[in-house]
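A short write-up of the structure that comes next.
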Amino acid sequence: MKLKITGMADGFGRLAGIVDWCRGASSAVQTPCCCIYTIGGHVPHLLHDVVRLVELFHWNDVILQIPLSTLIDSWSAVEQFKGGLKRFVGLPDESMLLLTVNDPAQTLRSGYNCATSASVFGRAGRHKLDPQLFGRILHAFQADCFQAISDSDNPIDASKKRLNKSVDRTVFFSRACAEYAKQNNEQLFCTVVGGYDQAERIRCCKQLSSLSVDGYSFEGFHNFGDLSALSVGSVIPILKSCFEHLPTERIRFFPGSLDPKQIWRLTQAGIDLFDTSYVHLITEKQEALVVDDNYPYNAEYQLMRMNDPCYAQDFEPLCKNCSCYTCKNYTRAYVNHVCITKELLGPMLLMM
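Each residue of the sequence shown is one higher than the last, beginning at 6 in our numbering.
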């Protein structure tokens, strides 16, 4: 995997292309961009055939994020299947996968990591992941790229001692995962942790910078889930200090359910990759996202609560200047109807 930077300016972020994400990748992924959030390899509420109706979606042009926590209960079945994760969940061979550890749409449970393992929670409960078990899972999944296990449990009020342990554990896990990636010729993202302690962040970066990795995931600024209260202004100075101690030509990934304005500000700071879990969260609230026509030059956006009776007689498309499948084929009144009656089509149309 290579990141080819084509443009960069302080305060405006950078433009780049990711090439050779996996063996079947035929084109470069232009950044900054969002990887597509999935639950167990499926975009929430959408079948693979329905996803193809999305105008800008092509299997070999987008990166699919698969949180391990959404499949951890079934990993032994994937191992017995012996065909890898793509075939297990029905994805084309040319699709590009990023296996992350935590689900960005779910709040991270605090207090369950230890010196030798990190905890991941599936529907069946807690799973303790040490490097050996994680290696077995990776061998079964055959993912194109994976995130190293880490201790990103960094509450905003975490003590210096807690953050110090978090960094030490994360570096230990990252070294073990880097050795696995080297032996199996796989792509690896390491995780930068340390909460809001700039010194711990820099210490983490210095130790991770010596590892042969393809990207860095910046975590520990939040506990995932709803990030509407996240102060991006407090995050950006710490990120910039981290960038000074990491290789420039590595992918910078900031996972989490970020709104368009937060994404734009982090893009200007130099982040390359995000995820789309925010769309899933607002869909669960029966809300539609409408961004300004001049986005990103104007980062304003609107959330339309589609079960509101005010849309019952509104026969305009959700967004007049949008050419997506939902806006081209359905009106606000119809989407309001399927949301109020709780038809399966409601969340499908909002996700698209």
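Using N, Cα and C, we set each Cβ at its ideal position, and we do this for glycine too.
Predicted, not measured: the structure shown is a model, and the values here were computed from it.
In terms of Cβ geometry, S222 and T196 form a close pair [threshold 8 Å]. One alpha carbon belongs to R310, the other to P322, and they sit about 14 Å apart. Look at the segment 160-234 and you find these whole runs of beta strand (DSSP E), each 3 residues long or longer: 192-197, 220-223. Closest in C-alpha terms to P136, from the list A123, H342, I268, H63, comes A123. Going by DSSP, K9 is part of the beta strand (DSSP E) stretching over 7-14. Between A293 and G18, the C-beta spacing is not below 8 Å. Contact check between the segment 73-87 and the segment 105-120: three or more CB pairs, one atom from each, fall below 8 Å, which counts as touching. Put simply, the backbone Cα of F62 is about 29 Å away from that of Y316.
Burial check for K245: the Cβ neighbour count within 10 Å stays below 16, so the residue is exposed.
Nearest Cα to L96 within the set D54, F86, D78, F126: D54.
A Cβ-Cβ separation of about 7 Å places R257 in contact with L278 under the 8 Å criterion. Inter-residue distance for N189 and C27 is about 13 Å (C-alpha atoms, whole angstroms). Less than 8 Å separates the beta-carbon of C209 from that of V172. Secondary structure of F86 (DSSP, three-state): helix. In this structure, G220 and R255 form a Cβ contact; the two beta carbons are roughly 5 Å apart against a cut-off of 8 Å.
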